[in-house]
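A short worksheet on the structure shown next.
In full-length UniProt numbering, the protein residues as written are 1 to 749.
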């Protein structure tokens with residue numbers, strides 16, 4: 001069981017080891033540890049060794065610690081309980097006149113490294129949950145680009161929602177080995193203290209990568225870093241109240257949103273997932289949105305397609321490449337399970353073609369539902385209706401009118417997320433729509449934004465007043481911090497009214513405070529005016545920074561018409577070319593294709609493209625709803641969009657827009673063919689695998705709006721060496737379903 005033990009809102013946070021099913025890698029051995037624990041005096045002597053400060057100060061005398069928000073990360077072998085580490089570090093910090101102790105947070109953790117080595121890790125932060133600063137730090141050191149914290153209402157503690165522990169800045173992170181052990185393997189953790197990273201490489205400390213890595217700002221070739229970043233997760237049920245309304249959800253390591261995944265471009269991720277979902281039990285999988293999985297298509301994380309679900313009580317390890325630079329997210333792909341909370345940000349640090357000063361980090365915008373996700377699926381599948389969301393969140397926070405909580409326990413003034421800007425600096429924000437259905441419009445009062453990347457694809461920068469994000473889409477923006485040092489303004493994300501939003505409360509707020517602003521004061525800024533359209537920016541605006549020209553003619557073209565209506569039994573479903581998808585958890589399509597199978601049940605919606613080198617899809621619909629169409633395994637060219645019949649015109653044919661999600665505009669059935677919405681996409685068939693192409697509206701996907709692209713089945717059979725863990729996971733799933741009934745009420749993905 002993964003447990004978090006906190007003592008108050010600050011001070012020691014003891015994150016214990018994780019016992020994953022039959023693999024207890026980090027179980028504590030209390031008796032042995034206590035027998036070898038040094039005294040406080042001995043530990044303090046160890047802390048003052050010069051080597052411990054080598055990575056955080058250029059001073060020759062160790063007691064003088066420099067730095068602001070992120071001072072250091074320390075690691076010791078076979079050393080004491082974290083309760084000894086914290087007072088010792090505080091005593092040491094008290095010796096430094098440059099440190100304001102009341103603004104110091106110290107976190108300590110005891111865990112066991114693979115191979116039987118006990119490790120105590122400690123991290124020092126100079127900002128608490130109220131964002132107080134250490135005075136006397138230089139502007140360059142302050143790290144004002146904070147995110148993930150909350151403005152708490154009356155009676156709220158620091159353990160509400162995302163406020164207490166997520167996504168700290170990485171400006172002064174370091175990993176330091178003991179002087180006495182040259183063979184020690186360094187240990188490093190993410191800035192969330194939730195997903196541990198075991199690695200010898202330090203994540204970037206400043207923009208444009210670290211100085212120790214040979215990156216160039218306009219580098220196009222993915223480097224081979226030789227680094228693997230390991231994370232250990234437990235997925236389980238819990239109760240949360242991010243907007244003040246208590247509800248049961250399913251979370252990664254007990255957090256909402258889940259802990260961030262972080263790596264350098266070219267690194268490898270190794271994420272071990274333990275399924276501890278109980279009461280009732282469910283299977284699960286995790287999808288790494290936007291990563292192409294060119295070397296590892298079996299780790300795409302889609303049940304019935306690339307893998308069997310992870311059975312309750314079982315553990316599965318995903319290993320995949322950080323093959324694109326920028327921001328994205330991970331989420332469960334088992335039914336609509338991610339709506340219950342199994343999702344979080346993913347940041348891959350790499351070169352940027354536009355300079356910036358401060359990386360503010362991920363900004364996740366999401367519609368939010370108070371009802372359990374399976375009840376929402378049941379409400380949707382088979383009926384002509386879609387559920388309405390109850391609220392709209394930024395980084396997992398927003399207040400809610402408790403009079404509308406319908407009897408659920410509710411705390412008013414739950415608070416909003418807050419961020420720091422610094423006057424005169426260029427701020428990088430990484431926007432992610434991690435919601436279920438709603439199209440979002442993102443704005444910052446009194447500030448314009450420059451778009452520099454969409455869905456991992458750098459674009460020629462252009463300025464906007466608002467950013468439109470369909471579900472699954474990401475946009476990176478640069479914001480000029482033109483305000484004065486005492487300014488406070490609202491960050492906003494609004495769900496588009498009507499069929500594009502489907503919500504009871506469309507407005508999400510977060511507070512931005514400049515460096516000298518009073519964080520106890522509510523911003524009074526005026527909202528930006530914009531036109532609320534249910535579509536992405538014009539294709540003529542979104543020009544990829546690095547050009548790629550599609551073939552003059554695709555090897556094959558497929559027309560797919562998307563409709564909604566009753567099937568043969570009278571249930572309302574979403575169909576693509578008159579077929580609604582329904583997966584079979586017991587038989588992953590990729591594993592069958594690897595065995596030479598190319599004939600599949602009709603409801604699996606498999607499109608076999610044989611040895612085609614390029615594929616063009618013409619999607620059409622009269623349905624009066626938007627569809628954020630997502631393709632796995634590829635960045636697709638978006639050749640054209642519009643209404644009526646596509647006339648063959650391609651927008652900027654020498655360099656069309658590329659991304660992995662594009663909003664397909666709502667159709668207008670009253671106008672007949674003239675009201676038909678179309679979207680034309682194309683991609684090279686250069687990544688053998690079985691790749692989902694689906695609407696990322698969770699309710700449309702549950703209703704079957706999904707097809708499988710079978711790409712180069714000849715190479716899947718001939719060359720693909722699928723690891724044994726995939727077969728083992730299926731055996732565990734088959735054993736579980738042999739004794740338990742799995743009630744699959746929707747498409748399954």
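The beta carbon of each residue, even a glycine, is placed where N, CA and C say it ideally should be.
**Study point:** Run of the alpha helix (DSSP H) containing residue 717, from where it starts to where it stops
**Key:** Here residue 717 corresponds to residue number 717 of the chain shown, with the count starting at 1. Taken as a continuous stretch (DSSP letters only), the alpha helix (DSSP H) holding residue 717 covers 713 to 719.
Review point. For the UniProt domain "Plastocyanin-like" (589 to 713), which segments carrying the beta strand (DSSP E) assignment without a break, of at least 3 residues, lie completely within its bounds, in sequence order?
Key: 606 to 608, 614 to 621, 627 to 631, 636 to 643, 657 to 659, 661 to 664, 677 to 684, 689 to 695, 706 to 711
Check your understanding: residue 671: beta carbon under 8 Å from a heavy atom of the ligand ZN?
Key -> Ligands are entirely absent from the displayed structure, and the ligand ZN is therefore not among its contents.
Practice item. Give the straight-line distance between the Cα atoms of residue 51 and residue 377, rounded to the nearest whole angstrom. Key: As a position in the chain shown, residue 51 is number 51, starting the count at 1. As a position in the chain shown, residue 377 is number 377, starting the count at 1. In this predicted model, residue 51 has a pLDDT of only 38, less than 50, meaning its place in the structure is not dependable enough to derive any value.
Review point. To the nearest angstrom, how far is it from the Cα of residue 364 to the Cα of residue 437?
Key: Within the chain shown, the letter at position 364 stands for residue 364. Within the chain shown, the letter at position 437 stands for residue 437. Residue 364 and residue 437: Cα-Cα distance of roughly 14 Å.
**Study point:** residue 379 - DSSP class collapsed to helix/strand/coil
**Key:** Counted from its first residue, the chain shown places residue 379 at position 379. If DSSP states are grouped into helix, strand and coil, residue 379 belongs with the helices.
Check your understanding: Helix, strand or coil: how does DSSP classify residue 729 here?
Key -> One-based indexing of the chain shown puts residue 729 at position 729. Here residue 729 sits in helix by DSSP.
Review point. Among the residues of its own chain, which have a CB less than 6 Å from the CB of residue 621, if the five just before and after it don't count?
Key: Here residue 621 corresponds to residue number 621 of the chain shown, with the count starting at 1. Within the same chain, residue 621 has close Cβ partners 562, 667, 677.
Review point. Is the stretch 373 to 392 touching the stretch 492 to 509, taking contact as three or more C-beta pairs under 8 Å?
Key: yes
Check your understanding: What residues in its chain sit with their C-beta under 6 Å from that of residue 238, if we drop five residues either side in the sequence?
Key -> Indexing the chain shown from 1 puts residue 238 at position 238. Result list for residue 238: 251, 254, in chain order.
Check your understanding: What three-state label does DSSP hand residue 140 in the structure shown?
Key -> For the purposes of this step, residue 140 is taken as residue 140 along the chain shown, with counting starting at 1. Model confidence at residue 140 stands at a pLDDT of 35, short of 50, so the residue's coordinates are unreliable; what they give is reported in the following sentence. DSSP places residue 140 in helix when its eight states are reduced to three.
Review point. Looking only at its own chain, which residues have a Cβ that is under 7 Å from the Cβ of residue 701, when we skip the five neighbours before and after it?
Key: The sequence position of residue 701 within the chain shown is 701, counting from 1. Taken in chain order, the residues that qualify are 694, 695, 747, 749.
Review point. Using CA coordinates, which residue listed in 716, 360, 671, 663 is at the minimum distance from residue 539?
Key: Reading the chain shown from its first residue, position 539 is the one you call residue 539. Minimum Cα distance to residue 539 is reached at 663.
**Study point:** Inter-stretch contact (C-beta, 8 Å, three-pair minimum) for the stretch 220 to 231 and the stretch 268 to 283
**Key:** yes
Check your understanding: Relative to the C-alpha of residue 318, which residue among 653, 297, 617 is closest?
Key -> Within the chain shown, the letter at position 318 stands for residue 318. Taking only the C-alpha atoms, the option nearest residue 318 is 297.
**Study point:** Three-state class that DSSP yields for residue 543 in the structure shown
**Key:** Counted from its first residue, the chain shown places residue 543 at position 543. Looking at residue 543 - three-state DSSP - the assignment turns out to be coil, as it is neither helix nor strand.
Review point. Cα separation between residue 573 and residue 427?
Key: Within the chain shown, residue 573 is the residue found at index 573, counting from 1. Within the chain shown, residue 427 is the residue found at index 427, counting from 1. If you take the alpha carbons of residue 573 and residue 427, they lie about 44 Å apart.
Point to revise | residue 242 in three-state terms, based on DSSP | key: For the purposes of this step, residue 242 is taken as the residue at position 242 of the chain shown. Three-state DSSP puts residue 242 in coil, outside helix and strand.
Review point. Cβ atoms of residue 468 and residue 440: under 9 Å apart, would you say?
Key: Your numbering for residue 440 matches position 440 in the chain shown. Your numbering for residue 468 matches position 468 in the chain shown. Yes, they are a contact pair.
Check your understanding: Contact between the stretch 462 to 479 and the stretch 712 to 726: three or more CB pairs below 8 Å?
Key -> no
Review point. Beta strand (DSSP E) containing residue 425: first to last residue?
Key: Position 425 of the chain shown, counted from the start, is the residue given in the question as residue 425. Segment: none, residue 425 is in no beta strand (DSSP E) and carries neither H nor E.
Check your understanding: Which word fits residue 761, buried or exposed, when buried means at least 16 other C-beta atoms lie within 10 angstroms of its C-beta?
Key -> Within the shown structure, residues of the chain are numbered from 1 to 749, placing residue 761 beyond reach of any answer.
Check your understanding: If you check the beta carbons only, do residue 611 and residue 714 fall under 9 Å apart?
Key -> Translated into the one-based positions of the chain shown, residue 611 becomes position 611. Translated into the one-based positions of the chain shown, residue 714 becomes position 714. The answer is yes: Cβ separation under 9 Å.
Practice item. Determine, using beta-carbon pairs with one atom in the stretch 470 to 485 and one in the stretch 627 to 639, whether at least three such pairs fall under 8 Å. Key: yes
Check your understanding: Cα-Cα, which of 459, 452, 477 is closest to residue 442?
Key -> Numbered from its first residue, the chain shown carries residue 442 at position 442. Residue 442 has its Cα closest to that of 477, out of 459, 452, 477.
Review point. Measuring CA to CA, which of 489, 734, 374, 718 is closest to residue 703?
Key: Here residue 703 refers to the residue found at position 703 of the chain shown. Minimum Cα distance to residue 703 is reached at 374.
Review point. Is it a yes or a no for the stretch 342 to 352 touching the stretch 322 to 331, going by three-plus beta-carbon pairs under 8 Å?
Key: yes
Check your understanding: Can you check whether the CB of residue 308 is closer than 9 Å to the CB of residue 567?
Key -> As a working note, residue 567 is residue 567 in the chain shown. As a working note, residue 308 is residue 308 in the chain shown. No. Outside cutoff.
Review point. Can you find at least 3 beta carbon pairs, one from the stretch 685 to 693 and one from the stretch 586 to 601, that sit closer than 8 Å?
Key: yes
**Study point:** residue 407 classed as buried or exposed, judged by whether at least 16 other C-beta atoms fall within 10 angstroms
**Key:** To locate residue 407, count along the chain shown from 1; it is residue 407. So residue 407 counts as exposed.
Check your understanding: What residue from 501, 425, 547, 371 has the CA that sits closest to residue 534's CA?
Key -> Walking along the chain shown from the start, residue 534 turns up at place 534. Residue 501 is the option with its Cα nearest to residue 534.
Check your understanding: Looking only at its own chain, which residues have a Cβ that is under 7 Å from the Cβ of residue 486, when we skip the five neighbours before and after it?
Key -> Indexing the chain shown from 1 puts residue 486 at position 486. The residues are 514, 516, 517.
Review point. What did DSSP end up calling residue 393 once you bin it into helix, strand or coil?
Key: Walking along the chain shown from the start, residue 393 turns up at place 393. Here residue 393 sits in strand by DSSP.
Practice item. Mind the definition here: the stretch 679 to 687 touches the stretch 634 to 641 only if three or more C-beta pairs lie below 8 Å; say whether that holds. Key: yes
**Study point:** Beta-carbon separation (whole angstroms), residue 579 vs residue 605, contact threshold 8 Å
**Key:** Your numbering for residue 579 matches position 579 in the chain shown. Your numbering for residue 605 matches position 605 in the chain shown. That belief holds up - the Cβ atoms of residue 579 and residue 605 are roughly 5 Å apart, short of 8 Å.
Exercise for review: Could you name the residues of the same chain whose beta carbon sits closer than 6 Å to that of residue 625, not counting the 5 residues immediately before and after it, in chain order?
Suggested key: Walking along the chain shown from the start, residue 625 turns up at place 625. These residues qualify, in order along the chain: 499, 666.
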